[in-house]
Each structure stands twice: as C-alpha cells, then as structure tokens.
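Each residue of the sequence shown is one higher than the last, beginning at 76 in my numbering.
All C-beta atoms in this analysis are idealised placements derived from N, C-alpha and C, irrespective of residue type, glycine included.
Here the structure comes first, spelled out in structure tokens, and everything after it is commentary.
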Amino acid sequence: MNMKRFRLSCVAAALLAVCTNGLGAQQATSSHSRLKLTSTSVPSVTYTTSGSSQAMGTLTVTRSAMTAASYFIVFTRGRVSSGSGESLTYGLYPTSITTTALCIDGNPTNADQVISLTLQEGVASATVNYYLRVSNSTFPSAGTYAIPLTARLYTGSFSGDLPSSSKKATMTAMITVGKIADVAVVGGASDSFNFISPTANPDYTLSLGSLSSTTATTGTAYILVRTNSSYSLALSSASGGRLVDSSDSSSTIPYTVNVDSGSSRSLSTSAVGIVTGSATYSNADRHTIVVTVGGIGSSPSPGTYTDTITVTVAAS
Numbered sequence: 076m077n078m079k080r081f082r083l084s085c086v087a088a089a090l091l092a093v094c095t096n097g098l099g100a101q102q103a104t105s106s107h108s109r110l111k112l113t114s115t116s117v118p119s120v121t122y123t124t125s126g127s128s129q130a131m132g133t134l135t136v137t138r139s140a141m142t143a144a145s146y147f148i149v150f151t152r153g154r155v156s157s158g159s160g161e162s163l164t165y166g167l168y169p170t171s172i173t174t175t176a177l178c179i180d181g182n183p184t185n186a187d188q189v190i191s192l193t194l195q196e197g198v199a200s201a202t203v204n205y206y207l208r209v210s211n212s213t214f215p216s217a218g219t220y221a222i223p224l225t226a227r228l229y230t231g232s233f234s235g236d237l238p239s240s241s242k243k244a245t246m247t248a249m250i251t252v253g254k255i256a257d258v259a260v261v262g263g264a265s266d267s268f269n270f271i272s273p274t275a276n277p278d279y280t281l282s283l284g285s286l287s288s289t290t291a292t293t294g295t296a297y298i299l300v301r302t303n304s305s306y307s308l309a310l311s312s313a314s315g316g317r318l319v320d321s322s323d324s325s326s327t328i329p330y331t332v333n334v335d336s337g338s339s340r341s342l343s344t345s346a347v348g349i350v351t352g353s354a355t356y357s358n359a360d361r362h363t364i365v366v367t368v369g370g371i372g373s374s375p376s377p378g379t380y381t382d383t384i385t386v387t388v389a390a391s
C-alpha cells in the first residue's frame with residue numbers, strides 16, 4: 076500500500092503524498108570421472124522500482140586430472156514465463172559490478188561474454204560466481220518468473236568457436252515481482268514524477284490563498300498513480316474535512332473535495348474510497364483533485380488554516 080499526504084491551508088495548504096506500497100536448483104552433472112560442472116546455488120531476485128536488483132549463483136568445476144588447464148562457461152536461456160505487462164529486463168553478469176552482460180543464447184561472440192577460469196596444476200576444483208541482474212527500466216506484471224538456464228563447460232580458452240565436447244549443468248533462476256503501487260501529487264496538469272529514480276519529494280503544498288467571505292475558493296492538484304495491478308485510491312483528512320486555525324484549534328472552516336469531476340464530498344469520515352483502476356504499468360494514471368472552500372462570512376477568526384489530506388493507493 077502506498078500513500079501520500081497533502082496539507083491544506085487558507086493561506087497555504089499542503090498536499091502530502093506518501094507511497095506504500097524458489098529456486099530450486101536442478102543439478103545436472105556429467106558422469107565422466109575426469110571433468111564435471113555442477114550448479115551449487117542459483118540466483119533468486121526480487122524486482123524493485125528503485126534500481127537494479129541482483130542475486131548471485133555459483134557453479135563448481137571438478138576434475139580428476141591435475142595438470143594446469145583453462146576452461147570457459149557459456150550460458151543458454153530457455154523459454155521464460157511472462158505476464159501481461161511490460162517485459163522483464165534482465166541479464167547475467169560475471170561480477171556484481173560488471174556492465175557487460177554474459178551471452179545467454181549459447182552463441183558468444185567475444186571472451187567478455189563467457190566466464191573464463193584456469194585451474195593450476197594440482198587443483199581439483201574451482202567455484203565461479205555469476206549474477207542475475209534485473210533492471211527497473213520496465214514495469215512488469217506481478218508474479219514469479221522462472222528463468223531456465225543451461226551452463227556448458229568447455230576446455231580451453233574461448234576463441235570464437237565452441238568445441239564439440241562440453242559438460243553441462245541446468246538450473247532455474249527466479250525473479251519475483253510483487254504488486255507495486257506508487258503515488259505522487261503534483262501541481263500542474265502536465266507535471267510528471269519520476270517513479271524510478273525520484274529526485275523530488277512526491278508530496279505537494281496547495282495554497283488556497285486568502286479566503287473570500289462571500290464566494291467559494293478552489294485549488295487544484297493532480298494525483299499520479301502507477302501500478303502493475305488493479306488499484307483503489309482513497310482520501311482521508313487529519314482534521315475531519317475541516318481547515319484548522321494554526322493558532323486557535325477551536326476555529327475551523329469546512330471544505331469539500333472532488334476527484335475527476337465526481338461528486339463533491341466532505342472528508343468528515345476517516346477515509347473515502349474515490350477511484351478504482353486497472354494496472355497502469357509505466358504510464359501513470361492522472362487524477363484531478365479540486366478542493367473547495369465556500370464563502371466563510373465573518374465567523375472565522377483571522378489566521379492561517381491548514382489540514383493534511385492523506386492520499387492512499389492500494390494494489391489489489
């Protein structure tokens with residue numbers, strides 16, 4: 076569940092928004108006594124919108140021959156399950172910081188796309204790491220994605236062609252994408268918000284200026300929602316749908332809100348469900364919220380009146 080708050084004021088009001096929001100290894104080894112490749116752990120990654128996520132897997136090479144020798148490993152990816160949203164963006168990498176991805180179609184074109192290793196004389200085994208890295212450049216559907224992988228071990232150094240003989244290990248890496256709902260409040264009809272790498276506070280301050288004694292005063296803001304599942308949007312008021320004098324809490328002014336030109340309503344209840352929607356993926360939904368204060372007459376005492384509205388988005 077994600078929520079944002081926004082704070083209202085006769086002179087300055089604030090609109091605040093706060094977002095809430097197995098990998099069973101299958102090992103295949105050669106029965107050949109002299110050389111084999113084993114999958115000893117497989118990566119399991121949880122997708123996030125805040126940056127790339129990764130997890131490490133390991134492969135172990137064992138042999139009975141004890142002479143110094145070089146080897147390299149090539150990956151092939153099987154068919155990947157997919158959801159109804161945007162495609163997953165991921166790759167395999169030889170280290171946690173490398174930016175050049177390993178080949179995953181079984182046909183490397185240069186040595187940077189394979190894992191290379193050398194076992195010195197007398198060394199019987201070695202463990203090598205690889206990393207499954209998931210990018211947030213796309214926003215996939217919620218679910219668990221299985222990544223079937225086959226690793227093949229070749230003797231020698233990669234020179235462009237693959238030897239005819241290899242040992243292999245198979246494994247299934249996993250990527251988990253949860254139900255995610257992000258929300259922000261902005262002031263302009265064309266304003267946007269970077270949900271992937273936010274550089275600004277997603278909350279917003281809405282100023283209603285000086286209230287009129289005889290005519291209504293309105294203020295408009297925009298709620299942005301991005302989800303990978305259906306969602307519901309609700310508003311709640313810290314002061315029961317009333318602006319409160321910052322220096323005299325007994326002096327209040329009622330107001331109403333409407334969203335997307337819907338019916339005007341008071342926020343006198345703790346929460347009011349106002350919108351439901353389907354998955355947006357990267358293209359955020361935009362909802363218009365209008366706050367209205369009627370003519371206040373001469374009753375309220377002079378001062379600055381504020382309220383805090385919480386905007387809550389829940390993925391379903």
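Rounded to whole angstroms, the Cβ separation of serine 311 and threonine 385 is 5 Å, and the two are in contact under 8 Å. Taking 8 Å as the upper bound for CB-CB distance, valine 319 and aspartate 382 are in contact here, some 6 Å apart.
Under the three-state reduction of DSSP, aspartate 257 is assigned to strand. Annotation: the continuous beta strand (DSSP E) that includes leucine 224 extends over 218-230. Annotation for alanine 201: Thr135, Val136, Leu192, Leu194 place their beta carbon closer than 8 Å to its own, counting only its chain and skipping 5 residues before and after. Judged by their CB atoms, tyrosine 168 and tyrosine 205 are nearer to each other than the 8 Å cut-off. Taken through DSSP and simplified to helix, strand or coil, glutamine 129 comes out as strand. Arginine 154 is not bridged by DSSP to any residue.
Our two residues, leucine 308 and threonine 121, have alpha carbons roughly 25 Å apart in a direct line. Leucine 228 has its alpha-carbon roughly 17 Å from the corresponding atom of methionine 141.
Counting only the Cα atoms, serine 125 lies some 13 Å from serine 357. Between isoleucine 250 and alanine 390, the C-beta spacing is not below 8 Å.
The alpha-carbon of aspartate 266 is positioned some 27 Å away from that of glycine 316.
Counted as a single uninterrupted DSSP element, the beta strand (DSSP E) harbouring methionine 246 occupies residues 242-252. Restricting attention to Ser216, Ser119, Arg138, the CA atom closest to the CA of glycine 166 is found in Ser119. Out of Ser128, Ile172, Leu286, the CA that lies nearest to the CA of glycine 369 is found in Leu286. Counting along the chain, no beta strand (DSSP E) covers isoleucine 179, and no H or E run does either.
When the beta-carbon positions are compared, threonine 133 and threonine 151 stay at least 8 Å from each other.
Residues of the same chain with a CB within less than 7 Å of the CB of arginine 361, apart from the 5 flanking positions on each side, are Tyr297, Leu299 in chain order.
A check of alpha carbon separations from glycine 218 across Ser288, Gly235, Thr174, Ser156 identifies Ser156 as the nearest. Looking only at Gly160, Val149, Ala346, the smallest Cα-Cα distance to serine 314 is reached by Ala346. Residue environment: alanine 354 is assigned as buried (16 or more neighbouring CB atoms within 10 Å of its CB, all protein chains considered). Cβ atoms of valine 388 and valine 366 stay farther apart than 8 Å, at about 19 Å. By the 16-neighbour rule on beta-carbons within 10 angstroms, glycine 294 is buried. Judged by DSSP secondary structure, alanine 309 falls within the beta strand (DSSP E) whose first and last residues are 306-312. Cβ atoms of serine 288 and glycine 352 stay farther apart than 8 Å, at about 39 Å.
The residue among Ser210, Gly262, Leu112 with its C-alpha nearest the C-alpha of leucine 283 is Gly262.
With a threshold of 16 other beta carbon atoms within 10 Å, serine 304 meets it and is buried. Closest by C-alpha distance to phenylalanine 233, out of Arg301, Val149, Thr225, is Val149. Around the beta carbon of glycine 160, 16 or more other beta carbons sit within 10 angstroms, so the residue counts as buried. Among the bridge pairs identified by DSSP, isoleucine 190 is matched with Ile148. Per the coordinates, the alpha-carbon of threonine 164 lies some 12 Å from the alpha-carbon of valine 252.
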